[in-house]
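Asks: Numbering (my numbering), first residue to last: 7 to 745. Where is the CB? At the ideal position from N, CA and C, for every residue including glycine. Right, I'll just put the structure down here and ask away after.
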Amino acid sequence: MPIHTSPFPTTHDTIGASALDSSTRIPSSPPSAQSPQSPDKDGGKSESNGNAESAQVVASHELAITDLDKRLSQYTVDWNKFAGGAHQDIRDADDEDDPEPDFGGPEDFTFNIDKYLNGSTPLAGRDNDADDLDAEEDLLPDSPSPRPRHHHHHHQEEAEESEFGPPVDMSTPSHLMWRKNATSGKGEETRLEDIEESLPSSPEKDDSPSKHGKEGSGLEESRTFTTVLREIEDLHEQRRERDEKIRENEKKLSSVTEEIEFLRDELQRKSSLLLEANAKVGEQSVLREQLKLLNERNEERAASDEDNAKELATLRRDLEDAQNQLNKRDEALEESSAKLRELTSSTELQLRQKNTEIEDLKAQLNERELEITDAEEELAETQRQYDALKGRIESLETRNSPLEEKNILLEKELNSVKLELESQKNAMSTMATELSVDAEGKEYKDIVSSIRRLFQQRKESDQGNFTEIEELKGKLDKAQASIQQHVAERQLTQAEWKRSQDLVGESRSLITTIEGENTRLSARIQELNSSLTKAREEVNLIKEQQQQSEPKPQTNVSEQINLNALHESHRVETQNLRELHMNATRDLHTSYNDTIRHLRAMLSATEKRETELHNQLLAAQSSTCIQTNEISSLKSQIQQLQSTLALKEETSADMDKMIARSIEKREREWERRMELLLKERDKMSKALMMAWGEKEVGKTSSSASSRSTKRGDGPVAATGASHNEKPGQGYRYKYVVRT
7 MPIHTSPFPT
17 THDTIGASAL
27 DSSTRIPSSP
37 PSAQSPQSPD
47 KDGGKSESNG
57 NAESAQVVAS
67 HELAITDLDK
77 RLSQYTVDWN
87 KFAGGAHQDI
97 RDADDEDDPE
107 PDFGGPEDFT
117 FNIDKYLNGS
127 TPLAGRDNDA
137 DDLDAEEDLL
147 PDSPSPRPRH
157 HHHHHQEEAE
167 ESEFGPPVDM
177 STPSHLMWRK
187 NATSGKGEET
197 RLEDIEESLP
207 SSPEKDDSPS
217 KHGKEGSGLE
227 ESRTFTTVLR
237 EIEDLHEQRR
247 ERDEKIRENE
257 KKLSSVTEEI
267 EFLRDELQRK
277 SSLLLEANAK
287 VGEQSVLREQ
297 LKLLNERNEE
307 RAASDEDNAK
317 ELATLRRDLE
327 DAQNQLNKRD
337 EALEESSAKL
347 RELTSSTELQ
357 LRQKNTEIED
367 LKAQLNEREL
377 EITDAEEELA
387 ETQRQYDALK
397 GRIESLETRN
407 SPLEEKNILL
417 EKELNSVKLE
427 LESQKNAMST
437 MATELSVDAE
447 GKEYKDIVSS
457 IRRLFQQRKE
467 SDQGNFTEIE
477 ELKGKLDKAQ
487 ASIQQHVAER
497 QLTQAEWKRS
507 QDLVGESRSL
517 ITTIEGENTR
527 LSARIQELNS
537 SLTKAREEVN
547 LIKEQQQQSE
557 PKPQTNVSEQ
567 INLNALHESH
577 RVETQNLREL
587 HMNATRDLHT
597 SYNDTIRHLR
607 AMLSATEKRE
617 TELHNQLLAA
627 QSSTCIQTNE
637 ISSLKSQIQQ
647 LQSTLALKEE
657 TSADMDKMIA
667 RSIEKREREW
677 ERRMELLLKE
687 RDKMSKALMM
697 AWGEKEVGKT
707 SSSASSRSTK
717 RGDGPVAATG
727 ASHNEKPGQG
737 YRYKYVVRT
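Below is the structure:
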């Protein structure tokens with residue numbers, strides 16, 4: 007497979023073996039045609055040599071069929087697309103006077119390379135062409151340099167240097183490099199337009215030895231460029247591996263630090279336990295020393311009194327108790343060590359559980375972040391709604407302020423209207439009293455109707471006072487009109503007042519109603535107190551009058567009865583007033599207590615809500631702080647990754663530019679090489695054909711011989727020309743385009 011030097015495949019890397027790769031051996035002369043003087047001998051020799059060569063070729067090339075067929079089956083070359091195809095007719099003899107024919111070929115092979123390589127010429131046609139060449143070679147056995155007939159069956163390839171060195175800073179395409187096979191010394195021969203092309207197989211035959219240095223340097227530079235590209239790719243891979251290793255090491259380092267902290271905590275715990283155990287061991291050593299001292303003292307005092315024996319017994323008991331305590335302490339130490347082991351195992355399990363919990367918490371934290379973002383959006387929406395409501399409330403307040411002022415003015419006007427109505431009613435009542443009309447318990451309309459009836463009666467009775475009646479009637483009509491106007495104005499003011507009260511009542515709260523109720527009850531209490539004081543004053547006055555009336559002996563029984571009844575009535579009235587006052591105060595106290603209880607409950611609920619909200623606020627602030635820290639760390643990581651990606655993109659862009667420049671240079675260089683090769687091919691084909699024609703027929707100076715060679719087709723035509731005694735050019739290029 008070819009080595010790709012760019013990240014995207016090019017035409018040089020995917021075409022495969024070039025059609026310009028020719029064999030390394032060129033026959034020195036074409037196969038000689040059969041002379042007319044000795045047809046039988048040469049025919050026999052050609053048949054024997056042809057059979058021997060065909061047997062050797064079949065034996066040597068049976069193994070090469072599969073290899074080259076596999077490679078050549080991928081491409082189909084449509085040779086009919088070349089100028090001057092296989093079935094092109096030869097022009098008339100008008101142009102046969104030319105001394106030499108112009109040899110054609112493709113106009114621009116590199117420009118039409120896709121068209122030539124993507125043709126649909128079947129393999130059978132090529133096999134037929136190969137059979138034709140075999141037939142021609144059988145007829146020409148005396149070639150001084152024998153070569154195999156089936157050129158596309160060669161599988162033994164040999165490396166050969168090109169005459170054109172590669173350009174600077176570019177790699178030679180693999181399909182155009184001369185291949186080398188260690189097992190064979192023969193050159194690779196390819197077939198292009200049914201013409202064998204080859205290059206010299208040994209560097210000794212090269213005419214320009216200075217070209218090898220250039221070719222070697224170009225190859226070395228191309229190889230160094232490919233090696234540099236490979237090293238860059240290796241460095242990129244090493245960098246990726248090192249980044250992965252650094253990440254793994256960071257993860258391992260974090261886990262190791264956590265384990266170290268945990269081990270430090272465990273070491274501190276165990277050190278504290280060891281200190282306690284050492285302290286206990288020290289106490290045990292002190293007790294043992296004391297026991298030794300006691301034993302020594304007991305041995306010294308063994309022969310002492312019974313008191314000493316009793317003391318020894320007590321000391322033995324103390325010793326046994328101390329030993330028991332020591333045993334208990336040992337057991338406790340063993341139990342504590344077992345508990346420590348259990349604690350270590352349990353702590354390890356807890357750590358594992360906590361690790362899983364931490365992962366769960368991280369997932370929950372991500373969910374909480376999403377919820378917080380949603381909550382922030384909702385909070386912003388509620389803030390906007392709150393601002394809108396606040397603006398509406400302010401606008402309502404601005405609207406209510408003139409309405410309240412208007413309400414106050416309307417109340418004042420209503421009071422003035424009420425006063426005027428009362429004054430008019432009083433005037434009508436005084437007028438009715440003056441006219442001796444009963445106005446007690448009657449309404450304003452009844453009083454007016456009774457006055458009218460009185461005026462009618464007086465009109466009938468007294469015609470002399472008609473003028474006065476008319477004046478009074480006019481006054482009455484005016485008063486009625488003014489009263490109607492005042493009534494209409496009152497109705498309007500009442501309607502406006504009601505509307506304003508409705509607007510104001512919607513904006514008032516519960517506290518204002520409670521205050522109004524308290525003020526009403528306080529006013530009622532004041533009224534009751536004032537009435538109570540008045541009743542007491544009246545009672546005191548009655549008592550004083552009674553005291554003043556007691557020394558008089560001549561009091562009537564009726565006056566005494568009246569006084570007793572009056573006293574009793576006053577007493578009942580005062581008692582009723584007291585009961586009313588007590589009931590009112592009790593109701594006021596109950597309502598006051600209920601309101602205070604309700605307000606206290608509301609206050610406690612608000613305080614609880616405040617504490618809950620404060621706790622939630624603290625938790626939210628702590629979570630937001632943690633999340634901001636995590637977000638900042640993630641942002642820093644993102645910036646680092648973006649910087650690395652930017653560097654990688656810049657390096658890749660630079661590499662792409664370098665590769666594109668090298669590819670452009672390489673394509674230009676190979677276009678130049680292809681043009682030079684095509685020119686050299688044309689020259690070599692002309693020279694070969696001329697040399698072969700001279701060897702076959704000999705040099706001719708007449709135009710008739712040249713015309714006969716132009717009309718002939720291959721060696722068969724040459725033999726025909728010799729029989730007709732018209733010698734000429736014996737070899738004709740199959741695809742010549744005459745101009």
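(1) Please identify the residue among Glu-272, Leu-415, Leu-547 whose C-alpha is closest to the C-alpha of Leu-357.
(2) In or out: Arg-687 buried (at least 16 other Cβ within 10 Å) or exposed?
(3) Classify Ser-536 as buried or exposed, calling it buried when 16 or more other Cβ atoms lie within 10 Å of its own Cβ.
(4) Is it right to say Ser-658 is buried, meaning 16 or more other beta carbons lie within 10 angstroms of its own, or is it exposed?
(5) Suppose you measure from the CA of Gly-288 to the CA of Leu-332; what does that come to, to the nearest Å?
(6) Among residues of its own chain, excluding the 5 on either side of Ser-260, which ones have a beta-carbon nearer than 6 Å to its beta-carbon?
(7) Would you mind giving the Cβ-Cβ distance between Leu-318 and Asn-304, rounded to the nearest angstrom? I have them listed as a contact below 8 Å.
(8) Assuming Leu-279 and Ser-351 form a contact by the criterion Cβ under 8 Å, report the distance between their Cβ atoms to the nearest whole angstrom.
(9) For Ala-438, is the classification buried or exposed, using 16 other Cβ atoms within 10 angstroms of its Cβ as the cut-off for buried?
(10) Given a threshold of 16 other Cβ atoms within 10 Å of its Cβ, counted over all protein chains shown, does Glu-702 qualify as buried or as exposed?
(11) Buried or exposed for Met-434, going by 16 or more other Cβ atoms inside 10 Å?
(12) As a quick exercise: from Glu-419, Thr-539, Ser-639, pick the residue whose alpha carbon is nearest that of Leu-498.
(13) Less than 7 Å separating the beta-carbons of Arg-335 and Lys-276?
(14) Where Thr-601 and Glu-533 are concerned, what is the direct C-alpha to C-alpha distance, given to the nearest angstrom?
(15) Could you tell me whether the Cβ atoms of Leu-297 and Leu-339 are closer together than 7 Å?
(16) Would you report the Cα separation of Glu-410 and Lys-504, rounded to the nearest angstrom?
(17) With the cut-off set at 7 Å, would you say Leu-4 and Leu-300 are in Cβ contact?
(18) Taking Arg-374 and Ser-629 to be in contact with their CB atoms under 8 Å, please state how far apart those CB atoms are, rounded to whole angstroms.
(19) So, is Ser-699 buried or exposed, given that buried needs 16 or more other C-beta atoms within 10 angstroms?
(20) Around the Cβ of Leu-235, are there at least 16 other Cβ atoms within 10 angstroms (buried) or fewer (exposed)?
(21) Rounded to whole angstroms, what is the Cα-Cα separation between Thr-525 and Arg-398?
(22) May I have the straight-line CA-CA distance separating Ala-693 from Glu-677, to the nearest angstrom?
(23) I think Val-423 touches Glu-495, with their Cβ atoms under 8 Å apart; what is that distance to the nearest whole Å?
(24) Return the CA-CA distance between Asp-240 and Thr-232, expressed in angstroms with no decimal places.
(25) Is the number of C-beta pairs between the region 365-384 and the region 630-645 that are closer than 8 Å three or more?
(26) When burial is assigned at 16 or more other CB atoms within 10 Å of the CB, is Met-588 buried or exposed?
(27) For Met-695, count neighbouring Cβ atoms within 10 angstroms of its own Cβ and tell me buried if that reaches 16, exposed if not.
(28) Report the residue from Glu-550, Glu-426, Ser-455 whose alpha carbon sits nearest the alpha carbon of Val-493.
Replies: Taking the geometry as given:
(1) Taking the first residue of the sequence shown as position 1, residue 357 is located at position 351. Minimum Cα distance to Leu-357 is reached at Glu-272.
(2) Here residue 687 is taken as the residue at index 681 of the sequence shown, counted from 1. It is buried - the Cβ of Arg-687 has at least 16 other Cβ atoms within 10 Å.
(3) Working through the sequence shown from its first residue, we reach residue 536 at position 530. Under this definition Ser-536 is an exposed residue.
(4) One-based indexing of the sequence shown puts residue 658 at position 652. With fewer than 16 Cβ atoms within 10 Å of its Cβ, Ser-658 is classed as exposed.
(5) In the sequence shown, the residue the question calls residue 288 occupies position 282. In the sequence shown, the residue the question calls residue 332 occupies position 326. The alpha-carbon atoms of Gly-288 and Leu-332 are separated by roughly 12 Å.
(6) In the sequence shown, counting from the first residue as 1, residue 260 sits at position 254. The answer is none, since no qualifying residue turns up.
(7) Looking up residue 318 in the sequence shown gives position 312. Looking up residue 304 in the sequence shown gives position 298. With a Cβ gap of about 5 Å, Leu-318 and Asn-304 count as contacting.
(8) Taking the first residue of the sequence shown as position 1, residue 279 is located at position 273. Taking the first residue of the sequence shown as position 1, residue 351 is located at position 345. Going by Cβ atoms, the distance from Leu-279 to Ser-351 rounds to 16 Å, so no, they are not a contact pair.
(9) In the sequence shown, the residue the question calls residue 438 occupies position 432. Ala-438 is buried by the Cβ-count criterion.
(10) Within the sequence shown, numbered from 1, the residue matching residue 702 stands at position 696. Flag for Glu-702 reads buried.
(11) Taking the first residue of the sequence shown as position 1, residue 434 is located at position 428. Answer is buried; the Cβ neighbour count reaches 16.
(12) Looking up residue 498 in the sequence shown gives position 492. When each option's Cα is compared against that of Leu-498, the closest is Glu-419.
(13) Here the question's residue 335 lines up with position 329 in the sequence shown. Here the question's residue 276 lines up with position 270 in the sequence shown. No, the pair does not count as a contact, with Cβ atoms beyond the cut-off.
(14) The residue labelled residue 601 in the question sits at position 595 within the sequence shown. The residue labelled residue 533 in the question sits at position 527 within the sequence shown. So the alpha carbons of these two residues sit roughly 23 Å apart.
(15) What you label residue 297 is simply residue 291 of the sequence shown in a count that begins at 1. What you label residue 339 is simply residue 333 of the sequence shown in a count that begins at 1. Not closer than 7 Å, so no.
(16) To locate residue 410, count along the sequence shown from 1; it is residue 404. To locate residue 504, count along the sequence shown from 1; it is residue 498. Answer to the nearest angstrom: the Cα atoms are 12 Å apart.
(17) The shown model of the chain, from 7 to 745, leaves out residue 4, and the question about it has no answer.
(18) Your numbering for residue 374 matches position 368 in the sequence shown. Your numbering for residue 629 matches position 623 in the sequence shown. Going by Cβ atoms, the distance from Arg-374 to Ser-629 rounds to 7 Å, so yes, they are a contact pair.
(19) Taking the sequence shown and counting its residues from 1, one reaches residue 699 at position 693. Checking the sequence, you will find Gly at residue 699 rather than Ser. By the 10 Å Cβ count, Gly-699 comes out buried.
(20) Here residue 235 refers to the residue found at position 229 when the sequence shown is read from its first residue. Leu-235 comes out buried.
(21) Working through the sequence shown from its first residue, we reach residue 525 at position 519. Working through the sequence shown from its first residue, we reach residue 398 at position 392. Roughly 32 Å separates the two Cα atoms.
(22) Along the sequence shown, read from residue 1 onward, the residue named residue 693 stands at position 687. Along the sequence shown, read from residue 1 onward, the residue named residue 677 stands at position 671. Computed Cα separation, rounded: 24 Å.
(23) Locating residue 423 in the sequence shown gives position 417, counting from the first residue. Locating residue 495 in the sequence shown gives position 489, counting from the first residue. Their Cβ separation, rounded to whole angstroms, is 6 Å, which keeps Val-423 and Glu-495 in contact under 8 Å.
(24) Here residue 240 corresponds to residue number 234 of the sequence shown, with the count starting at 1. Here residue 232 corresponds to residue number 226 of the sequence shown, with the count starting at 1. Taking the straight line joining both Cα atoms gives about 12 Å.
(25) yes
(26) Position 582 of the sequence shown holds residue 588. So Met-588 counts as exposed.
(27) As a working note, residue 695 is residue 689 in the sequence shown. It is buried - the Cβ of Met-695 has at least 16 other Cβ atoms within 10 Å.
(28) Numbered from 1 along the sequence shown, position 487 holds the residue referred to as residue 493. Here the closest residue by C-alpha is Glu-426.
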